[in-house]
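Numbering (our numbering), first residue to last: 996 to 1420. A short write-up of the structure that comes next.
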RNA sequence: GCCCGGGUGGUGUAGCCAGGUUAGCAUAGGGGCCUGUCGAGCCCCAGACCCGGGUUCAAAUCCCGGCCCGGGCGCCA
């Protein structure tokens, strides 16, 4: 706004209310709602012609004077336009209504995501995600972590046993990574001591749940010269805390819009360990066989337990049975591993812990898993040339956002989500 | 992948179990009236039973198959 109160505004037409001799056009952009008020006799007469055939969701730009004491209630600003430019006319049959007078179901919304995205509530999710990430990245940078990019196309599908997408790689077969983990380890072995990779992962599992995506992003951290898996846990909880803190600093309005009450979590996060977990679950009426992995219901039960005992939405689970974890995790003893999951509101957010860095032990664990060391040689051979103790974790971004904002489906936390059925738009 | 539930105008729903009116309602759309609307209001108009087969005098409704979608479990982040 300049001294005379002249302003230039733009946006998508949200509402047009034509009362005959007065016409209200409400436009919306990613910051605010502005009402353009046109009066016969007062406003330039060509404005009525220009806006005669205007439709909802058309894109306009207007210049005029801002009304000092606006009479419009449901908008942020009111402008008396002197000129209006129609930049794009929207077709009048909309596949969903961004004004949300009639809510659309999730599949309809995702089929028409760019229209869905015009809703301030939907934009809020991604604004919050951006703040979350920037808070986390800043914390990592401040604590000496270096951002790196590890490959998305990998030549061997050996990371965790999850289903992988095959891609044609010239005349060979290759795979999309499920997790950047092994290359993160090789990077630390390469001497970049503290790194993170913020990138995409793919899973070809036929999962039909509100918490799975075929394509998701993770904040994946790896660090050398740790004394134990506890070091990775301390980094992880501070990282989460820093992200949430940033959200609270920058996105008060968006949190309010989504009706979310968020607090900076207290650290350290509670830690539950195997085998004590079996006792906790048994007390809650859930029988899990000793030495076995727990199931989805157990995750929720453990959350209830932690909520009651520690009043925390976050908690670590440590010392998983080695038999349910991949070959690369470091054992604590013959049965249990220094393998850590972080759970948030009963959902697994990340896996991590300390990795086995001793070459001979690594090879023997591969054999113990019944795998052929030859197939993993591309990875293991570098452990023979000096590998520091190291560990890390990978936090699923969409899962963190989903739980933080109490979204009922993870697809809401992905701009253009991919699942077994959906690759478009 | 297994189990359960569901597909009705552009969107969201009622009707289905107990087969039979012109398939109801809301909102969006088109037309009209209105100089302060703001979930604008009032009047008028137009708009739909996922596909295929079967049962029946008659199918949105019952049966079978297909396709699509949602949820639970498993797997995982």
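Backbone N, C-alpha and C fix where the C-beta goes; we use that ideal spot for every residue, glycine too.
- [ ] Going by CA-CA distance only, name the one from 1321, 1164, 1314 that's closest to residue 1328.
- [x] 1314
Open item on the list: Measuring straight from C-alpha to C-alpha, what distance separates residue 1020 and residue 1158?
Closed with: 51 angstroms
Task: Euclidean distance between Cα positions of residue 1087 and residue 1116 - done: 23 angstroms
- [ ] Report all residues from its chain with a CB closer than 7 angstroms to the CB of residue 1042; omit the five preceding and five following residues, and keep chain order.
- [x] 1033, 1076, 1079
- [ ] Would you be able to state if there are at least three C-beta pairs under 8 angstroms between the segment 1241-1260 and the segment 1213-1231?
- [x] no
- [ ] Decide yes or no for the touch test of the segment 1400-1417 against the segment 1365-1382: beta carbon pairs closer than 8 angstroms, at least 3 of them.
- [x] With a cut-off of 8 angstroms, the segment 1365-1382 and the segment 1400-1417 do not count as touching, because too few Cβ pairs lie within range.
Open item on the list: According to DSSP, simplified to helix, strand and coil, what is residue 998?
Closed with: With a pLDDT of 49 at residue 998, under the threshold of 50, the predicted position of this residue should be treated as unreliable, though the coordinate-derived value follows. In this structure, residue 998 counts as coil in the three-state DSSP scheme.
Task: Proximity below 8 angstroms, CB of residue 1120 to CB of residue 1408 - done: Yes. Within cutoff.
Task: Closest by C-alpha distance to residue 1090, when choosing among 1343, 1271, 1081, 1112 - done: 1112
Open item on the list: Can you tell me where the alpha helix (DSSP H) holding residue 1262 begins and where it ends?
Closed with: Here residue 1262 belongs to no alpha helix (DSSP H), and DSSP marks it neither H nor E.
Task: Distance CB(residue 1215)-CB(residue 1179) smaller than 8 angstroms - done: Yes.
Task: For residue 1374, the three-state DSSP class (helix, strand or coil) - done: Reduced to three states, the DSSP call for residue 1374 is helix.
- [ ] Flag this pair as yes or no: are the beta carbons of residue 1160 and residue 1393 separated by less than 8 angstroms?
- [x] It is not a contact, given that the beta carbons lie outside the stated cut-off.
- [ ] Rank 1354, 1410, 1057 by C-alpha distance to the C-alpha of residue 1109 and give the top, closest one.
- [x] 1410
Open item on the list: Would the segment 1194-1204 count as touching the segment 1355-1363 if we require 3 or more Cβ pairs under 8 angstroms?
Closed with: Fewer than three pairs of CB atoms, one per stretch, sit closer than 8 angstroms, so the segment 1194-1204 makes no contact with the segment 1355-1363.
Task: Span separating the alpha-carbon of residue 996 from that of residue 1291 - done: Interpretation of residue 996 is limited by its pLDDT of 48, a score under 50 that renders its predicted location unreliable; no figure is taken from the coordinates.
Task: Cut-off 6 angstroms between Cβ atoms - residues of its own chain near residue 1010, not counting five sequence neighbours on either side - done: Taken in chain order, the residues that qualify are 1021.
- [ ] Give me whichever residues DSSP pairs with residue 1347 in a beta bridge.
- [x] Per DSSP, 1335, 1388.
Open item on the list: Using the Cβ count rule (16 or more neighbours within 10 Å means buried), how would you classify residue 1263?
Closed with: Around the C-beta of residue 1263, fewer than 16 other C-beta atoms lie within 10 Å, and the residue is accordingly described as exposed.
Open item on the list: Mapping the DSSP letters down to three states, classify residue 1061 as helix, strand or coil.
Closed with: Strand.
Task: Element boundaries [beta strand (DSSP E), containing residue 1214] - done: First-last of the beta strand (DSSP E) with residue 1214: 1210-1219.
Open item on the list: Using only CA atoms, which one of 1025, 1047, 1027 lies nearest to residue 1012?
Closed with: Checked all of 1025, 1047, 1027; the closest Cα to residue 1012 is 1047.
Open item on the list: For residue 1354, report the span of its alpha helix (DSSP H) as first-last.
Closed with: Element bounds for residue 1354: 1354-1363.
- [ ] Report the three-state DSSP secondary structure of residue 1285 (helix, strand or coil).
- [x] Note: residue 1285 maps to coil in three-state DSSP.
Task: Range covered by the beta strand (DSSP E) that runs through residue 1076 - done: 1072-1083
TODO: Please state if the CB of residue 1218 and the CB of residue 1386 are separated by a distance shorter than 8 angstroms.
DONE: Yes, Cβ-Cβ distance for residue 1386 and residue 1218 is below 8 angstroms.
TODO: Please go through the same chain and pick out, in chain order, the residues whose beta-carbon is closer than 7 angstroms to the beta-carbon of residue 1257, but skip the five residues on each side of it.
DONE: 1239, 1242, 1243, 1250, 1399
Open item on the list: Assuming residue 1313 is part of the beta strand (DSSP E), what are its boundary residues?
Closed with: 1309-1313
- [ ] Counting only the same chain and skipping the five closest in sequence on each side, list residues whose C-beta sits under 6 angstroms from that of residue 1312.
- [x] 1267, 1336
Open item on the list: Between the alpha carbons of residue 1082 and residue 1044, how many angstroms are there, rounded?
Closed with: 15 angstroms
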